[in-house]
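Everything on this sheet refers to the single structure shown next.
Numbering (my numbering), first residue to last: 4 to 245.
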């Protein structure tokens with residue numbers, strides 16, 4: 004049976020108070036990043052979440068949040084990522100916080116990985132909308148990847164205009180969406196929403212790596228764009244803290 008890791012507050016075997024002090028100092032020096040993920044049955048891309056979490060954890064202290072604090076259903080789990088997902092689920096930080104009680108002011112960056120489920124829950128979340136409105140007004144770095152870009156749709160201004168109108172951005176193109184078995188019943192087509200709401204949408208070929216950076220917003224077209232998008236988020240956050 005796999006042993007659970009020791010609590011973060013305990014010393015590792017053979018460690019010292021100096022080791023813990025150094026670790027604590029490192030944690031305090033890192034900015035905080037909120038990973039907003041879907042809790043819908045359509046789930047979250049395992050590969051996108053893995054790469055998002057791994058890359059971001061080197062630069063940020065991370066907190067995962069979902070609607071209702073529900074556990075994440077990962078899609079696309081395979082032999083290459085299964086071990087990581089299993090290990091992740093055993094960690095205390097794998098239990099998501101409730102998006103409803105999350106204060107955006109506590110975080111320096113927001114990351115939304117590729118989440119097919121985002122079209123179902125995050126795209127209509129008033130709680131995420133409040134966080135996005137705060138991030139937009141404060142020009143804090145935001146990164147949304149693939150289907151996670153649909154989560155941006157929930158954020159509107161008082162006059163009902165979209166918070167991200169006139170932004171250059173990307174997200175899944177129709178050619179990528181049409182391959183989904185649920186295409187005919189999708190609640191939102193991000194490309195159409197973005198164009199209709201006044202944004203400047205662009206896309207590359209289906210499955211190609213394509214990332215757009217405009218001001219404090221980073222968007223990636225698809226799951227394959229995760230690494231490049233998150234790297235841009237890290238660079239953006241580092242630059243804003245200098």
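A virtual CB, placed ideally from N, CA and C, is assigned to each residue, including glycine.
This structure is a prediction, so every number in the text was calculated from the model and none was measured.
Do you know offhand how far residue i's Cα is from residue j's?
i           : j           : result
residue 61  : residue 146 : 16 Å
residue 55  : residue 163 : 31 Å
residue 3   : residue 136 : Residue 3 cannot be examined here, being either before or after the span of the chain that is shown, 4 to 245.
residue 174 : residue 151 : 8 Å
residue 200 : residue 211 : 25 Å
residue 166 : residue 134 : 12 Å
residue 139 : residue 236 : 15 Å
residue 71  : residue 206 : 33 Å
residue 33  : residue 187 : 43 Å
residue 238 : residue 65  : 16 Å
residue 290 : residue 228 : Outside the displayed range of the chain (4 to 245) lies residue 290, so it cannot be described from this structure.
Please work out which residues of its chain come closer than 7 Å, Cβ to Cβ, to residue i, disregarding the five sequence neighbours upstream and downstream, and give them in chain order.
i           : result
residue 217 : 170, 171, 172
residue 109 : 35
residue 26  : Annotation note: pLDDT 49 at residue 26 (below 50); position unreliable, coordinate value reported separately. No residues qualify anywhere along the chain.
Is the CB-CB distance between residue i and residue j below 8 Å?
i           : j           : result
residue 41  : residue 226 : no
residue 120 : residue 202 : no
residue 178 : residue 209 : yes
To which residues of the same chain is residue i closer than 8 Å at the C-beta, ignoring the five residues directly before and after it?
i           : result
residue 68  : 37, 38, 39, 40, 99, 100, 101, 102, 105
residue 191 : 122, 126, 153, 156
residue 78  : 45, 46, 47, 48, 49, 119
residue 183 : 119, 189
residue 234 : 58
Note down, in chain order, each residue of its chain lying with its Cβ closer than 6 Å to the Cβ of residue i, except the 5 sequence neighbours on either side.
i           : result
residue 232 : 146, 148, 214, 221, 223
residue 196 : 156
residue 91  : 97
residue 94  : none
residue 230 : 54
residue 198 : 204
residue 115 : 39, 147, 151, 154
On a Cα-Cα basis, can you pick out the residue from the options that is closest to residue i?
i           : options           : result
residue 63  : 43, 93, 113, 84   : 113
residue 46  : 190, 88, 117      : 117
residue 143 : 95, 185, 72, 240  : 240
residue 50  : 138, 85, 188, 44  : 85
residue 168 : 176, 75, 181, 194 : 194
residue 52  : 219, 242, 185, 88 : 88
residue 107 : 76, 181, 141      : 141
Looking at C-beta atoms only, is the number of pairs between the stretch 150 to 165 and the stretch 120 to 138 that lie closer than 8 Å three or more? A contact between stretches requires three or more CB pairs, one per stretch, nearer than 8 Å, and the stretch 150 to 165 meets this requirement with the stretch 120 to 138.
At least three beta-carbon pairs within less than 8 Å, the stretch 94 to 113 to the stretch 28 to 48: Contact between the stretch 94 to 113 and the stretch 28 to 48 is present, because at least three Cβ pairs lie under 8 Å.
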